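J.: Handing you a structure now.
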Amino acid sequence: MPADSSGQDLEPFYASDYFEPLYQYALQLIRKGKAYVCDHTPEEVDEMRGAPDRPGRESAYRGRSVEENLDLFQRMRTGEFPDGARTLRAKIDMSAPNVWLRDPVLYRIRHASHHHTGDCWCIYPMYDFAHGLSDYIEGITHSICTLEFEVHRPLYEWILEALELPRVHPRQREFARLNVTYTIMSKRKLLRLVEEGHVRGWDDPRMPTIAGMRRRGYPAEAIRDFCDRIGVAKRENMVQLALLEHCVREDLNRRAPRTMAVLRPLRVVIENYPEGQVEEMEAVNNPEDSSMGTRRVPFSRVIYIEQDDFREVPPPKYHRLSPGREVRLRYAYLITCTGVVKDPETGEVLEVRARYDPATRGGNAPDGRKVKSTIHWVSAEHAIEAEVRLYETLFEVENPDDVPEGRDFTQTLNQASLEVLRGCRLEPSLATLGPGSRCQFERLGYFFVDPDDSAPGAPVFNRTVTLKDTWARIQSRQH
RNA sequence: UGGGGCGUGGCCAAGUGGUAAGGCAACGGGUUUUGGUCCCGUGAUGCGUAGGUUCGAAUCCUGCCGCCCCAGCCA
C-alpha cells in the first residue's frame, strides 16, 4: 500500500509510468558492476541455468567491463539490436540454490508498442526488476502478493540493496490467494471465459469480478464483511461459496424491501370472488425494519401463483396448495383448491380453481384455524411483466482448477448457470423500481434491477441470491 | 534426492508456554402470515505424526509424514 494513501484518485499506478527511472536504476546497477549485458540465446541461458538440484554455469559475457556494458545497454535502448539478441542480467550467483538468483534477466529487447508508452521503448524491464523498484518509487512500505512469489523475495531484496536507495525499502510479504468454491480467480482463466464467449463479459453476473458481483447485486458492504470473516493467512484455502452467500443474505435481509413476484405463473381463478372487484391489500415492506412502511397490493378474482406452489398430487411434507387443501395468500385471504383445469391433450394443469373465505381478509381466520403454508401471488390484471435471470454457479464442480491432466477447466462449466425467464408477473409497485435497485421477491430470493439491460417498462431482474430453502433440502433428502 | 512455504473440527480462522475463540456449513428444537428472519441447543480429551524439554506444550526442541511453489527473455 502506498505510504501516502490519502486520496483515491492516486490510483491506479502503472510500472510503465516509471520506465525512465527504472532505466536509470539499471544504468546504476551496471556502473556498480552488478549487472551485465549477455549475448547468449534464450536456449543457452535456459540450459546454463542448471536445475533446482544442479548448479548453473556462468555466462561467457559475465566479465564484460562496465564501459562495454554501458555502451551495449544504451544501444539496446536505441533499438540497434533485434528482439532476443541481448539481455541485461543481474550478476548474482549461478550456483545459488534459489534459481531466481542465478543471474536473472532484468531487461529484454522487445520491439513492440506498449499500451501506455507506445513506441518510446524497445527494451522492457522484467517483473522482478520493475516490482521492487516501482514499490520503492511509490513509497510503498508493505508490498503484498501471493505465495508463488515467495521464492522471488530474495531477488526483490537483492535489487533494492544493490542500488543506492536512501529511503526505507519496501518489504514484500506473501499470502495465500483467495479461492472460492465453484469458481475460478485466475485472471488468465477469467479472460478465456470472456474471450471464448462462455460469459457475456467481465461484468457478467456470474463472474467473480467486482463488476460481475456488482451487477449480480452483491452489496459492497456484504463483500467487505465476507473479506473480514475469511481473514488473510498463508495457508492455501478454498472458502465455501455458502459463506459469501450468507454475507449477502444477511446484508440484504436488513435492507431489501419485500415484494411479490411470480416467476413461473400458474393461473388461479377464485370462483366465489366477485367478478370485477379489486381490493387493495396492505403489505409490510420489511419485517426487519418497520420504518420502511407498508404498501398496497391489488387483489382480484384471477391471480397468478408460482407453479411450484401447486401440486396435484402432493409429495410427503408438501405444505402448499393441492386439491382440497387450504393455504394463505400472503396479506390476502385463505383459499381452498377446488379443482384444476387441464389440457385434454397433454394433461398439463392450465388453471387452478379455488374458493376463498371472505372472513379471512388480511390472512387470519376468525375461528383461529391454521394453515400450513403462506404463498405469494400477483393479481393477473394488475401485474406487470418482466424478464428475470436466474444464476447458478458458473462451474459444476467445487474446484474447477482441479481437472485431470490433459483436460480443461472449461469442461466443467455449468451449462445451466444462466436461466432466462420471460413473462414473469410482478406486483405493480415494482414498475417504479429504478435500475440498480435491490428488492426481495418474497420466498424466492433477492433481486437486482439490471442497469444495462433494463428499459423503461421492460425491467430485467438479476437474481442476486436465493433465500435459504428448507423445502429444497427436504426434497433433496427424499431423493 | 536443491531451495522456499504450509499442516488447528466438513470449510475458513484465532491462539505464539497456563490447560482449544469466533464465523459458515450440518443436525436437533422453539417462534413465525416468507419452508425467510430470529432464538436455543449439539460437536476437537484434541491442534499432521512420533519422541523430547517443562509443574504445565497447539505453542519450545528433534525426527518423520503429507500438501503447495520454484528451472519464462510471463506476471
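Sequential numbering of the first sequence, starting at 47, is according to our numbering.
Ideal Cβ positions, reconstructed from N, Cα and C, are used throughout, including at glycine.
This structure is a prediction, so every number in the text was calculated from the model and none was measured.
Mark A49 as exposed unless 16 or more other C-beta atoms lie within 10 angstroms of its C-beta, in which case mark it buried.
T.: Start at 1 with the first residue of the first sequence, and residue 49 comes out as number 3. Confidence at A49 is low in this model, with a pLDDT of 48, below 50, so the placement of that residue is unreliable and no value is reported for it.
J.: Out of L380, G480, T392 and R468, which one is the CA nearest neighbour of G408?
T.: Taking the first sequence and counting its residues from 1, the one referred to as residue 408 is at position 362. The residue with the shortest Cα to Cα distance from G408 is L380.
J.: Count the other CB atoms within 10 Å of the CB of D454; is the residue buried (16 or more) or exposed (fewer)?
T.: By one-based count along the first sequence, residue 454 stands at place 408. Under this definition D454 is an exposed residue.
J.: Could you give the distance in angstroms between the alpha-carbon of Y319 and the alpha-carbon of R304?
T.: By one-based count along the first sequence, residue 319 stands at place 273. By one-based count along the first sequence, residue 304 stands at place 258. Near 26 Å, if we compare the C-alpha coordinates of R304 and Y319.
J.: CB-CB under 7 Å to T527, same chain, minus the five flanking residues each way: which ones, in chain order?
T.: There is no way to answer for residue 527, as the model of the chain reaches only from 47 to 525.
J.: Quick one: what does DSSP say N508 is sitting in, helix, strand or coil?
T.: As a first step, residue 508 is located in the first sequence; it is residue number 462 there, counting from the start. Here N508 sits in strand by DSSP.
J.: Please determine, among V348, R484 and Y228, the residue with the shortest C-alpha to C-alpha distance to N460.
T.: Here residue 460 is taken as the residue at index 414 of the first sequence, counted from 1. The candidate whose alpha carbon is nearest that of N460 is Y228.
J.: Output the boundary residues of the beta strand (DSSP E) element that contains F487.
T.: What you label residue 487 is simply residue 441 of the first sequence in a count that begins at 1. It spans R484 to F487 - the beta strand (DSSP E) in which F487 sits, taken as one unbroken run.
J.: Given S62, which residues of its chain have a CB within under 7 Å of its CB, disregarding the five upstream and five downstream residues?
T.: Position 16 of the first sequence, counted from the first residue, corresponds to residue 62. Taken in chain order, the residues that qualify are H160, H162 and T163.
J.: Nearest to L152 by alpha carbon, out of A142, H177, A158 and S483?
T.: As a first step, residue 152 is located in the first sequence; it is residue number 106 there, counting from the start. Ranking A142, H177, A158 and S483 by Cα distance to L152 puts H177 first.
J.: Quick one: complete beta strand (DSSP E) runs, 3+ long, within the stretch 410-470?
T.: Qualifying beta strand (DSSP E) stretches, in chain order: 423-425 and 430-437.
J.: Using beta-carbon positions only, say whether F345 and S425 come within less than 8 Å of one another.
T.: On the first sequence, residue 345 is found 299 positions in, with the first residue counted as 1. On the first sequence, residue 425 is found 379 positions in, with the first residue counted as 1. Yes. Within cutoff.
J.: For L290, does the count of other Cβ atoms within 10 angstroms reach 16, so buried, or fall short, so exposed?
T.: On the first sequence, residue 290 is found 244 positions in, with the first residue counted as 1. Classification for L290: buried.
J.: On the DSSP bridge assignment, give the partners of C293 in chain order.
T.: One-based indexing of the first sequence puts residue 293 at position 247. DSSP lists no partner for C293.
J.: Quick check on the DSSP output: what are the complete beta strand (DSSP E) runs of length 3 or more inside the stretch 206-250, in order along the chain?
T.: Counting whole runs of 3 or more residues, the stretch 206-250 contains the beta strand (DSSP E) stretches 217-221.
J.: Which of helix, strand or coil does DSSP assign to I520?
T.: In the first sequence, the residue the question calls residue 520 occupies position 474. In the structure shown, I520 sits in a helix (DSSP, three-state: H, G or I).
J.: Figure out for me which residue from P254, R281, R295 and D250 has the closest Cα to the Cα of D271.
T.: Position 225 of the first sequence, counting from 1, holds the residue named residue 271. Residue R295 is the option with its Cα nearest to D271.
J.: Per the DSSP calculation, C383 is bridged to which residue(s)?
T.: To locate residue 383, count along the first sequence from 1; it is residue 337. BP columns for C383 point to A400.
J.: Going straight from the alpha carbon of E465 to that of E352, what length do you get?
T.: Here residue 465 refers to the residue found at position 419 when the first sequence is read from its first residue. Here residue 352 refers to the residue found at position 306 when the first sequence is read from its first residue. C-alpha separation (whole angstroms): 17 Å.
J.: If you draw a straight line from the C-alpha of P333 to the C-alpha of L490, how long is it?
T.: If you number the first sequence from 1, residue 333 lands on position 287. If you number the first sequence from 1, residue 490 lands on position 444. Their Cα atoms are separated by approximately 16 Å.
J.: Whose C-alpha, out of L118, V330, M172 and E184, is nearest the C-alpha of L201?
T.: As a first step, residue 201 must be located in the first sequence, where it is residue number 155. Checked all of L118, V330, M172 and E184; the closest Cα to L201 is M172.
J.: Below 8 Å between beta carbons: does that hold for Q74 and L209?
T.: Reading the first sequence from its first residue, position 28 is the one you call residue 74. Reading the first sequence from its first residue, position 163 is the one you call residue 209. Yes. Within cutoff.
J.: Tell me, which residues are paired with A136 by DSSP?
T.: Here residue 136 refers to the residue found at position 90 when the first sequence is read from its first residue. Looking at the DSSP assignment, A136 forms a beta bridge with A81.
J.: At the level of alpha carbons, what is the spacing between I205 and L179?
T.: Start at 1 with the first residue of the first sequence, and residue 205 comes out as number 159. Start at 1 with the first residue of the first sequence, and residue 179 comes out as number 133. Cα to Cα, I205 sits roughly 8 Å from L179.
J.: For Y60, does the count of other Cβ atoms within 10 angstroms reach 16, so buried, or fall short, so exposed?
T.: Residue numbering aside, residue 60 sits at position 14 when the first sequence is read from its first letter. Exposed.
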